[in-house]
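Numbering (the working numbering), first residue to last: 1 to 492.
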């Protein structure tokens with residue numbers, strides 16, 4: 001594993017740091033550290049080291065907190081007592097002089113012994129590289145999906161996993177000390193002088209070791225290619241015949257140490273288990289845990305191949321190729337105006353506005369589940385605004401509406417679930433999705449957008465979790481195309 005600050009590694013540090021957020025419940029702890037290092041006597045001790053080494057005082061302070069918890073009776077090398085030479089790695093330091101050692105002399109020995117006195121890049125990636133070098137590359141070498149707590153603890157960039165002693169890693173252990181980059185983020189917020197000294201880009205990252213060198217995978221932030229494969233818009237799982245895309249995923253899984261076996265394009269059980277292992281170790285591009293389902297959807301694909309592998313929401317997606325018809329567009333606008341309507345009381349299937357939706361089918365629907373009533377009402381109001389008739393079946397039953405829609409013919413377009421999974425580009429705004437939840441029950445909603453098979457929807461009789469028989473009209477962003485088990489209907 002290279003020990004150079006390559007452009008790939010510099011970009012990784014910069015990108016992660018740009019998304020770092022300090023955990024709110026740790027702000028008090030970090031403020032205590034900040035007050036300690038800015039006490040005049042303490043600040044002067046760090047400044048004295050900077051004067052001798054040209055290493056910024058705040059970098060020394062960050063290391064001191066990590067290695068010695070800010071105590072001045074320990075070696076900056078590793079926190080061992082100054083009363084003797086170090087006994088932990090690195091052992092026997094300082095090599096010259098007799099104990100007890102002064103803190104300043106030991107600190108200078110530690111910094112010069114690591115080559116830090118010859119380092120001049122005190123940008124964010126430069127600092128990150130030296131912090132990780134100081135602590136060692138064990139996380140990257142052995143547990144590449146654990147972001148080093150030495151850098152990221154107390155922030156959204158770290159969850160768990162820690163070396164509790166030299167060579168002893170515990171997956172469920174959680175670091176109790178503030179990571180160096182987390183503290184740097186706090187310092188940049190508090191101190192204008194530090195902000196003036198720290199750049200966000202590395203000076204000139206080295207390409208020695210080869211410009212093709214793979215950057216290190218970190219917690220789902222994998223070694224992304226500059227030109228990654230674009231998500232195909234299809235959820236990859238057993239039974240989906242997309243051999244080329246499956247081969248790419250298998251190859252990538254092997255690169256990030258979740259080996260599925262031979263990269264043969266066959267989404268067999270070994271591939272499913274490898275995907276689940278990757279999902280268990282990784283986060284999506286928003287640093288949310290991936291669902292461990294063994295299916296490669298856009299979130300897992302993005303974690304594998306990076307943000308450039310997904311079509312940006314702002315520019316549409318590979319799936320969003322058809323605009324809604326006039327009726328569908330009008331229904332979307334009508335339904336959007338209803339977002340926030342709630343049952344009264346919650347869970348009753350009642351309420352003044354809710355009963356208007358239900359009454360559009362008939363008074364017998366009042367007090368009953370109403371997701372399909374909301375769809376019928378939205379299209380009825382949309383058709384009225386256009387001076388037309390609505391083709392949506394006059395029923396509050398999701399499964400009956402699906403069955404009747406399938407018999408209507410042009411201009412109504414019915415897209416079965418398997419056809420939608422095979423070609424997600426056919427799912428477009430203005431369509432209604434239909435889900436079967438039991439022999440007789442179901443759920444329906446209106447598609448607002450299709451981003452790589454991840455649907456944005458408006459749904460009645462639901463909640464934030466997307467369940468049927470909920471409490472209101474919600475706009476949702478997490479409805480997966482492959483969760484739709486009946487299909488989609490475009491009413492025009």
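We put the beta carbon where it would ideally sit given N, CA and C, even for glycine.
Residue span of the beta strand (DSSP E) that contains residue i, given as start and end
i           : result
residue 37  : That residue, residue 37, is in no beta strand (DSSP E); its alpha helix (DSSP H) goes 27–37.
residue 435 : 432–436
residue 372 : It is not in any beta strand (DSSP E) - residue 372 instead sits in the alpha helix (DSSP H) that spans 371–386.
residue 64  : Premise fails: residue 64 lies in the alpha helix (DSSP H), 57–68, not in any beta strand (DSSP E).
residue 163 : 162–165
Endpoints, alpha helix (DSSP H) assigned at residue i
i           : result
residue 353 : 352–359
residue 8   : 7–18
residue 117 : Note, residue 117: premise wrong, no alpha helix (DSSP H); not H, not E.
residue 366 : Run containing residue 366: none; DSSP gives neither H nor E here.
residue 331 : 326–336
residue 138 : 138–142
residue 305 : 298–305
residue 425 : Careful: residue 425 lies outside any alpha helix (DSSP H) and carries neither H nor E.
residue 127 : 124–135
residue 275 : 269–281
residue 181 : 180–190
residue 246 : 243–255
residue 42  : 40–53
residue 150 : 149–152
Nonlocal neighbours in the same chain, by C-beta distance under 8 angstroms from residue i, ignoring five residues either side
i           : result
residue 412 : 391, 405, 489, 490, 491 and 492
residue 332 : 324, 429, 430, 446, 448 and 458
residue 276 : 292, 293 and 294
residue 368 : 349, 358 and 396
residue 188 : 194, 195 and 198
Beta-bridge partners of residue i, as assigned by DSSP
i           : result
residue 81  : 74
residue 407 : Bridge partners of residue 407: none, in fact.
residue 445 : 433
residue 414 : 489
residue 99  : DSSP lists no partner for residue 99.
residue 310 : According to DSSP, residue 310 bridges with nothing at all.
residue 342 : 472
residue 458 : 446 and 475
residue 451 : 454
residue 169 : 163
residue 155 : 22
residue 236 : 296
residue 289 : 283
residue 480 : 454
Buried versus exposed, by CB contacts within 10 Å (16 or more), residue i
i           : result
residue 429 : buried
residue 83  : exposed
residue 324 : buried
residue 341 : buried
residue 167 : exposed
residue 477 : exposed
residue 89  : exposed
residue 370 : buried
residue 196 : exposed
residue 483 : exposed
residue 399 : buried
residue 394 : exposed
residue 461 : buried
residue 442 : buried
residue 111 : buried
Close beta carbons around residue i, own chain, < 7 angstroms, minus the five adjacent residues each side
i           : result
residue 346 : 471
residue 250 : 260, 263 and 271
residue 386 : 326, 327 and 330
residue 408 : 391
residue 44  : none
residue 219 : Since pLDDT at residue 219 reaches only 36, below the 50 mark, its modelled position is unreliable, and no value is offered.
residue 86  : 75, 77, 78, 80, 92 and 93
residue 153 : 175, 177, 178, 179 and 182
residue 267 : 236, 237, 238, 240 and 246
residue 485 : 417, 435 and 436
Any non-hydrogen atom of the ligand NAP closer than 8 angstroms to residue i Cβ
i           : result
residue 251 : The model on display carries no ligand, and the ligand NAP is accordingly not part of it.
Cβ-based neighbour list, residue i, same chain, cut-off 6 angstroms, excluding 5 preceding and 5 following
i           : result
residue 52  : 108
residue 351 : 343 and 344
residue 164 : 170 and 173
residue 37  : 61
residue 248 : 229
residue 396 : 361, 365, 372 and 373
residue 415 : 426, 487 and 488
Within 8 angstroms, do at least three Cβ pairs link the region 355–366 to the region 298–311? no
Could you tell me whether the region 133–142 touches the region 99–106, using the rule of 3 or more Cβ pairs below 8 angstroms? no
Using a Cβ distance threshold of 8 angstroms, determine whether the region 61–74 contacts the region 175–190, with at least three qualifying pairs required. yes
Counting Cβ pairs, one atom from each stretch, are 3 or more of them under 8 angstroms apart for the region 6–26 and the region 69–80? no
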